[in-house]
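In the working numbering, the protein residues as written are 6 to 353. Glycine included, every Cβ here is placed at the ideal spot set by N, Cα and C. Comments concern the structure below.
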Ligand code: SAH
């Protein structure tokens, strides 16, 4: 798909037409099922200085925590008992939670029946990723955050765009189902940048993609940035569906925090995944990525599995029973190389 077509989705097409085209595309390529994933935020310790992130080193005010191994396994098993078939292990980049500790969590969770594990733990060496894969991890989520290398390097001092891309390629080579995506509404990010993010994800033939609005956090260098327009956040989600017809696309928790009835709206604008927060409540309150996240999940249980199941029922969509693995695109030219292809000639 070319840049002009995507630009037409993001800024040209009438809002409601765009959202309903994305909804039809989701139905045609992914069906009506909604996948409920469960996230466990195992630590908010992080050595990174990402300018946008509320658990980065910039935030001197948040109390830091690290869940014990047994707390992680307990939370995962409670989720599995509630019907969650994918556990997402997410955390800051914490030297005290090394690849070995993450592997032990993966192994502990994989003892449950028919549960997939997604790791979302940032940048590691190929060797560490291989250990995680060997420990049983099925998927890995690593957002590119922005595919503009200049912006990326400015926002993530100490990291590099090149290394992020290296990680994504390593993960694909190692047979993970890979997810990526970006933040929408970063300072100095243009519409062309967002279109490049969508093109980047399309070229990577991702199994999963997340495009979430950037919400400024008071204890970070970007505290004075503006919140993105909720309609733009929804437009980019819808455009992502049209660009990546077979990818699993969640309603990000950030979208749910920014847009009133965000889960319902997102699920009707191309998304087919929601994420329940399985983190024990006292820790979840400290996983302070952006305002509106920690407090809501801990206090009003907006993001609990039970609440999300009710919400899925209210919009008359079935809850998926399976693990929700990557959907393979129809094989192109009959020769399938085992990657998850999402390139379509024509659709919608
Ligand atoms: N350290 C890991 C995962 C933890 S951060 C990593 O770097 O991949 C998880 C995600 O939270 C990030 O990918 C980022 O896109 C999102 N995030 C961080 N700060 C945010 C903010 N202020 N607004 C919206 N999303 C944010």
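C-alpha distance - residue i paired with residue j, whole-angstrom precision
i	j	result
residue 316	residue 269	7 Å
residue 10	residue 332	24 Å
residue 116	residue 188	34 Å
residue 153	residue 16	19 Å
residue 22	residue 272	15 Å
residue 31	residue 296	30 Å
residue 237	residue 20	9 Å
residue 155	residue 25	35 Å
residue 78	residue 110	7 Å
residue 245	residue 309	26 Å
residue 59	residue 293	5 Å
residue 265	residue 314	18 Å
residue 223	residue 210	35 Å
residue 179	residue 290	34 Å
residue 27	residue 241	10 Å
residue 88	residue 184	22 Å
residue 54	residue 258	22 Å
residue 196	residue 119	41 Å
residue 7	residue 199	14 Å
residue 135	residue 256	29 Å
residue 280	residue 221	21 Å
residue 253	residue 94	17 Å
residue 172	residue 274	30 Å
residue 57	residue 122	26 Å
residue 90	residue 248	26 Å
residue 69	residue 262	23 Å
residue 323	residue 47	30 Å
residue 167	residue 328	32 Å
residue 203	residue 276	15 Å
residue 232	residue 104	35 Å
residue 100	residue 108	14 Å
Three-state secondary structure (DSSP) of residue i
i	result
residue 101	coil
residue 248	helix
residue 141	coil
residue 235	helix
residue 273	coil
residue 340	Because the pLDDT of residue 340 is 30, which lies under 50, any placement of that residue in the model is unreliable, and the question is left without a value.
residue 303	In this prediction, residue 303 has a pLDDT of 47, which is less than 50 and means its spatial position is unreliable; nothing more can be read from the coordinates.
CA nearest to the CA of residue i, picked from the options
i	options	result
residue 229	129, 171 and 193	193
residue 287	323, 76, 220 and 276	76
residue 52	199, 298 and 98	98
residue 86	330, 329, 248 and 311	311
residue 149	164, 131, 170 and 141	170
residue 326	251, 36 and 40	40
residue 163	248, 62 and 320	62
residue 145	13, 277 and 213	213
residue 283	14, 72 and 37	72
residue 102	328, 45, 126 and 147	126
residue 131	175, 100, 334 and 106	175
residue 83	65, 96, 114 and 67	114
Which residues DSSP lists as bridging residue i, in chain order
i	result
residue 155	Residue 155 is not bridged to any residue.
residue 253	213
residue 95	46 and 125
residue 282	44
residue 182	144
residue 150	187
residue 324	39
residue 192	According to DSSP, residue 192 bridges with nothing at all.
residue 71	48
residue 218	189
Closer than 7 Å: residue i CB and nearest the ligand PLP heavy atom
i	result
residue 147	Summarising the ligand content, the structure contains the ligand SAH and does not contain the ligand PLP.
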